[in-house]
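A.B. asks:
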Amino acid sequence: MPGELDPHGIESSALLRAADFNKARVLEVGTGDGRLAFRYAGATAFVVGIEPELKQITSALEACPSDLHQRISFVEATALALPFRSESFDIAVLAWSL
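Rendered as structure tokens:
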């Protein structure tokens, strides 16, 4: 698709090689429209994507594939004030957050 980011899956492939996502509880900081989370969520126990921009969360919810609805959620939050208990996640992903 023209304009698609990472059309060959290089980014997501590198990410999956960097850590064991199998059945992991994943926090994605700065999830944006969810495009990266959608690529690896199928291998995880669940993914929570946090994003400070409500517009981006709305886009992510609309774009979320139906087979991932039970495995992925999006929360309006920032990394400075995480609304989760310590040790709620096994992996934190900060792909384009800095």
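Under this note's numbering, residues -17 to 80 are what the sequence shown spells out, in order. Where a beta carbon is used, it is the ideal one built from N, C-alpha and C, also for glycine. Since this is a predicted model, take the numbers as computed values, not measurements.
Keeping to the same chain, check which residues put their C-beta closer than 7 Å to that of Leu76; ignore five residues upstream and five downstream.
C.D. replies: For Leu76, the CB contacts under 7 Å within the same chain, skipping 5 residues up- and downstream, are Val11, Gly12 in chain order.
A.B. asks: Give a yes or no on contact between the stretch 20 to 37 and the stretch -2 to 11, applying the rule of three or more CB pairs nearer than 8 Å.
C.D. replies: yes
A.B. asks: Kindly indicate which residue of Ala45, Val57, Glu69 has the alpha-carbon position closest to the one of Asp15.
C.D. replies: Ala45
A.B. asks: Between the Cα of Arg53 and the Cα atoms of Asp(-12), Leu(-3), Phe66, Phe20, which residue gives the shortest distance?
C.D. replies: Phe20
A.B. asks: Can you tell me whether DSSP reads Leu64 as helix, strand or coil?
C.D. replies: coil
A.B. asks: With 16 as the cutoff for other CB atoms within 10 Å, does Phe66 come out buried or exposed?
C.D. replies: exposed
A.B. asks: By a C-beta neighbour count over all protein chains shown, 10 Å radius and 16 as the cutoff for buried, is Ile(-8) buried or exposed?
C.D. replies: By the neighbour-count criterion, in which a residue is buried when 16 or more other Cβ atoms sit within 10 angstroms of its Cβ, Ile(-8) is exposed.
A.B. asks: In whole angstroms, what separates the C-alpha of Glu69 from that of Leu9?
C.D. replies: 11 Å
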